[in-house]
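Note that my numbering numbers the first sequence so that position 607 is 607, with each residue one more than the last.
Input: a single structure, listed below in structure tokens.
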Amino acid sequence: MANITVSLPDGSAKELPTGSTAFDLAASIGSGLRKAAVAAVVDGTETDLTAPLDDGAEVALITDSTDEGRHVLRHSTAHVMAQAVTDLFPGAKFSIGPAIENGFYYDFDLPGGATFSDDDLERVEARMREIVKANQPFTRSEMSLADAKELFADQPYKLEIIERVEGAGGDDLDAGEVAGGDTISAYRNTEGFVDMCVGPHVPSTGRLGHFKLQKVAGAYWRGNEGGPMLQRIYGTAWESKKALAAHLHQLEEAAKRDHRKLAVELDLLSFPPELGGGLAVWHPRGAIVRKLMEDYSRERHVAGGYDFVYTPHLSKEQLFQTSGHLEWYADGMYPPMEMDNGTYYMKPMNCPMHCLIFRSRQRSYRELPLRLFELGTVYRYERAGTLHGLMRIRGFTQDDSHIFCTRDQLADEVASLLDFVLSVLRAFGFDDFTFNLSTKDPDKYVGTDEVWDEATEALREALDKHGLEYGVKEGDAAFYGPKIDIDVRDAIGRSWQLSTIQADFQLPERFDLTYVGADNDRHRPIMLHRALFGSIERFFGVLLEHYAGAFPTWLSPTQVRVLPVAEPHEAYARSVAERLVAEGARVDYVGADDGLGKRIRTAKMEKLPYVLVVGDDDVAAGTVGVNPRSDHPDGGEVQRDVPLDDFVARFQREVADAEVAALQA
RNA sequence: GCCCAGAUAGCUCAGUCGGUAGAGCAACGCAUUCGUAAUGCGUAGGUCGCGAGUUCGAUUCUCGCUCUGGGCUCCA
Numbered sequence: 001m002a003n004i005t006v007s008l009p010d011g012s013a014k015e016l017p018t019g020s021t022a023f024d025l026a027a028s029i030g031s032g033l034r035k036a037a038v039a040a041v042v043d044g045t046e047t048d049l050t051a052p053l054d055d056g057a058e059v060a061l062i063t064d065s066t067d068e069g070r071h072v073l074r075h076s077t078a079h080v081m082a083q084a085v086t087d088l089f090p091g092a093k094f095s096i097g098p099a100i101e102n103g104f105y106y107d108f109d110l111p112g113g114a115t116f117s118d119d120d121l122e123r124v125e126a127r128m129r130e131i132v133k134a135n136q137p138f139t140r141s142e143m144s145l146a147d148a149k150e151l152f153a154d155q156p157y158k159l160e161i162i163e164r165v166e167g168a169g170g171d172d173l174d175a176g177e178v179a180g181g182d183t184i185s186a187y188r189n190t191e192g193f194v195d196m197c198v199g200p201h202v203p204s205t206g207r208l209g210h211f212k213l214q215k216v217a218g219a220y221w222r223g224n225e226g227g228p229m230l231q232r233i234y235g236t237a238w239e240s241k242k243a244l245a246a247h248l249h250q251l252e253e254a255a256k257r258d259h260r261k262l263a264v265e266l267d268l269l270s271f272p273p274e275l276g277g278g279l280a281v282w283h284p285r286g287a288i289v290r291k292l293m294e295d296y297s298r299e300r301h302v303a304g305g306y307d308f309v310y311t312p313h314l315s316k317e318q319l320f321q322t323s324g325h326l327e328w329y330a331d332g333m334y335p336p337m338e339m340d341n342g343t344y345y346m347k348p349m350n351c352p353m354h355c356l357i358f359r360s361r362q363r364s365y366r367e368l369p370l371r372l373f374e375l376g377t378v379y380r381y382e383r384a385g386t387l388h389g390l391m392r393i394r395g396f397t398q399d400d401s402h403i404f405c406t407r408d409q410l411a412d413e414v415a416s417l418l419d420f421v422l423s424v425l426r427a428f429g430f431d432d433f434t435f436n437l438s439t440k441d442p443d444k445y446v447g448t449d450e451v452w453d454e455a456t457e458a459l460r461e462a463l464d465k466h467g468l469e470y471g472v473k474e475g476d477a478a479f480y481g482p483k484i485d486i487d488v489r490d491a492i493g494r495s496w497q498l499s500t501i502q503a504d505f506q507l508p509e510r511f512d513l514t515y516v517g518a519d520n521d522r523h524r525p526i527m528l529h530r531a532l533f534g535s536i537e538r539f540f541g542v543l544l545e546h547y548a549g550a551f552p553t554w555l556s557p558t559q560v561r562v563l564p565v566a567e568p569h570e571a572y573a574r575s576v577a578e579r580l581v582a583e584g585a586r587v588d589y590v591g592a593d594d595g596l597g598k599r600i601r602t603a604k605m606e607k608l609p610y611v612l613v614v615g616d617d618d619v620a621a622g623t624v625g626v627n628p629r630s631d632h633p634d635g636g637e638v639q640r641d642v643p644l645d646d647f648v649a650r651f652q653r654e655v656a657d658a659e660v661a662a663l664q665a
């Protein structure tokens with residue numbers, strides 16, 4: 001019997017009997033690898049473990065605790081879910097079911113337009129466990145397009161995918177479904193269930209099991225709002241019970257940081273139903289944090305050479321006709337208000353008003369770049385289903401600026417903006433950024449192609465000059481120009497889009513903005529739209545989750561709470577509080593009506609940076625007991641008998657250092 | 001806007017197979033005066049999200065609306 005020789009990623013070679021599979025290879029290397037392998041990469045292509053290897057093949061095994069391995073587990077689990085659903089709901093049509101980050105989903109069309117309920121999830125999950133227990137093999141087969149159409153004759157969504165493959169000739173494929181070309185692959189795990197899929201899959205359903213179905217949702221077929229709505233089930237799947245438990249635990253931790261929950265617990269703000277969806281009121285404790293953020297923003301903008309302006313919240317329709325918003329952005333605007341002298345709209349953006357300020361008198365090239373800055377509150381009609389706490393609301397304030405400059409100034413201006421943005425974001429504890437360049441939406445833009453190309457090129461150049469890596473989002477630009485969006489990653493790894501820098505050659509044209517150049521001719525300025533926080537509300541929400549409600553001392557609503565041990569110490573405690581107020585701290589005092597333990601606990605729940613406890617010793621010696629928050633960089637241990645002057649000095653240094661660090665960031 | 005789920009005291013939640021509701025925490029009062037994450041006792045607090053319908057009777061069943069949560073689409 002002849003042997004084959006395959007090479008491994010480490011460069012070594014392995015000899016195996018002819019007909020051996022990647023699974024045999026794994027088993028020959030060791031039992032650990034045999035258990036961990038879920039698929040293989042053979043000569044650069046992901047392949048089932050059960051496929052026979054050719055002589056001379058380069059083989060790398062995919063193990064279950066890698067991203068690729070989990071992808072295989074999740075995709076296979078999605079198949080099992082589809083099988084379970086078709087068992088429980090005879091006649092159910094299935095469309096696509098890919099692996100996604102941390103899990104998978106599958107979309108179904110249930111007979112008679114039926115929908116899933118939460119109870120169905122349990123039934124489906126139970127059936128899935130039976131399928132896993134039955135350890136059914138995943139068997140791959142390949143067939144022509146014509147045969148595939150016959151096989152999936154009663155699966156209209158699969159047919160549509162096949163027909164798309166026919167029409168597209170390999171382009172525009174559905175990820176994870178088909179490989180392209182004129183062959184379709186399918187995986188069968190019982191006579192009754194076969195699904196079209198490129199694979200690879202685990203050898204058999206018994207390899208799966210550490211999964212949990214999470215939620216049902218509606219989802220449009222191919223994401224098309226006009227198309228049918230399918231029923232989607234989301235699930236998560238992992239390589240081990242431990243990994244699954246860890247993921248579920250992380251979800252719980254994330255839920256504890258939810259800004260909506262923290263906002264209630266810490267009495268920061270609320271969304272009264274009487275106001276309507278997506279409209280918030282800021283309570284004193286939230287408002288002070290917001291004010292500190294805004295003050296900081298203003299300081300930085302003063303230093304950055306910005307001029308401050310204010311503009312109203314609504315305008316006659318003519319303004320938004322000139323700007324193009326009524327033509328291109330009407331869906332995002334509140335409905336019009338009819339008044340005796342015309343039709344008014346709430347402003348969805350500040351830019352048209354800033355254009356009016358530019359145009360209010362003749363401008364000289366000597367004034368450029370002119371940077372108009374406003375904490376401008378805008379109103380956008382977000383569809384009801386899209387609202388989400390502070391992250392997506394209908395009335396919000398942007399730290400907005402419009403910079404009018406010459407073409408020559410554009411590149412430098414964008415480059416210095418990038419520095420400015422990053423330094424402001426770093427001041428709030430973010431240091432992991434992602435950049436995206438959004439290009440023209442071919443269906444929704446104003447202006448000529450040349451101008452768009454020039455603006456896009458200017459942004460690209462600025463990013464390149466900074467040596468920043470960035471993604472490109474084709475067709476994601478605003479209607480008036482391309483943009484750079486900056487996403488930040490928070491303390492638990494979630495990504496949020498905050499800042500935006502947009503180049504605009506259109507609004508200066510539409511508003512007929514000009515400046516007089518050194519040559520005494522009139523020229524058209526270029527406009528940059530930019531927001532650093534993006535929306536103060538969203539930024540605050542992200543910040544709240546980033547810090548899990550424990551704001552750094554300089555941002556904390558209450559920085560210090562003073563607690564007397566018992567009644568005799570109250571006068572001294574008050575004098576400590578007064579001293580701290582005089583030194584510029586935000587301080588409160590809680591008398592000895594409750595036990596000390598209780599009051600400390602309450603302060604800890606409120607996530608206060610410092611609790612000062614004073615008793616007999618402190619009254620006698622002019623000292624305090626310092627109990628810092630457990631996350632304090634100098635350690636969270638209680639220190640007794642600290643001279644009040646020492647604490648004041650420490651506190652002031654800490655706040656000043658944070659501000660200096662922020663300003664220098 | 002579309003699909004699913006939900007709304008009971010300030011907060012977290014229980015409950016009513018249709019006979020108008022209960023706990024813990026918080027609030028308030030009294031007692032306690034205590035050295036670092038919950039002192040004890042008591043009081044008050046709810047047209048059970050809003051509006052219709054069915055019913056002798058609806059917080060409970062049905063429908064509509066509002067708001068909320070999870071998705072889709074869209075977006076700062």
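Yeah, the Cβ is synthetic: ideal placement off N, Cα and C, and Gly gets one too.
For residue i, which of the options has the nearest alpha-carbon?
i, options, result
"I484", "Q231, G493, F116 and D464", "D464"
"V613", "K607, V626, Y445 and V619", "V626"
"L425", "W496, A621 and L279", "W496"
"C405", "F479, P508, S423 and L314", "P508"
"L368", "V488, Y379 and F358", "F358"
"H529", "Q502, T456, F152 and R489", "Q502"
"D645", "D634, D618 and E570", "D618"
"L513", "P352, E583 and V124", "P352"
"W452", "R383, F539, P156 and D504", "D504"
"V560", "E474, R392 and E606", "E606"
"Q652", "R586, A26 and H259", "R586"
"K242", "P228, A427, P17 and F211", "F211"
"L33", "V302, G69 and N189", "G69"
"A550", "Q362, K473, P633 and V472", "P633"
Going straight from the alpha carbon of residue i to that of residue j, what length do you get?
i, j, result
"A148", "D118", "34 Å"
"A51", "F89", "33 Å"
"T500", "R407", "20 Å"
"R640", "R579", "19 Å"
"D54", "I492", "45 Å"
"S20", "I4", "8 Å"
"D666", "S423", "Because residue 666 is not part of the residues shown, which for the chain are 1 to 665, the question remains open."
"A455", "D487", "21 Å"
"G218", "Y310", "43 Å"
"D172", "V198", "Residue confidence for D172 is low, a pLDDT of 45 falling below 50, so the modelled location carries little weight and cannot support an answer."
"R74", "V655", "48 Å"
"Y470", "R298", "29 Å"
"P156", "S95", "8 Å"
"S28", "T205", "23 Å"
"R629", "V638", "9 Å"
"R257", "L266", "12 Å"
"Y675", "G305", "What is shown of the chain runs 1 to 665, which leaves residue 675 out entirely."
Assuming residue i and residue j make a contact with CB atoms under 8 Å, what is their CB distance in whole Å?
i, j, result
"F23", "A36", "With a Cβ gap of about 12 Å, F23 and A36 do not count as contacting."
"L532", "V421", "5 Å"
"G235", "Q214", "6 Å"
"V194", "L151", "7 Å"
"E130", "L145", "Contact flag wrong, Cβ pair sits at about 34 Å."
Counting only the same chain and skipping the five closest in sequence on each side, list residues whose C-beta sits under 7 Å from that of residue i.
i, result
"A175", "Because the pLDDT at A175 is just 42, under 50, the model does not fix this residue reliably, and the value given afterwards should be weighed accordingly. Excluding sequence neighbours, A175 sits near P98."
"L372", "D307, V309, H354, I357, S401 and H402"
Who are the Cβ neighbours of residue i in its own chain at under 8 Å, not counting the five residues just before and after it?
i, result
"D490", "F430, W496, V542, E545 and H546"
"S270", "A263, V264, A280, V281 and H283"
"V202", "V38, A39, L49, V72, L73, S76, F138 and L208"
"A518", "Y365"
Who are the near neighbours of residue i in its chain, counting only those whose CB is closer than 6 Å to its CB and skipping five residues on each side?
i, result
"D476", "S438"
"V42", "A57 and V59"
"R232", "Y105, D107, A217 and A219"
Scan the region 522-575 and note each continuous beta strand (DSSP E) run of 3 residues or more that stays entirely inside, going in chain order. 526-535 and 560-564
Taking the runs of the beta strand (DSSP E) that are 3 residues or longer, which of them lie wholly in the region 330-388? 337-339, 342-346 and 370-379
Whole runs of the alpha helix (DSSP H) within the region 461-499, excluding any shorter than 4 residues: none
List, from N- to C-terminal side, the beta strand (DSSP E) runs of 3 residues or more that fit wholly inside the region 395-437. 395-405
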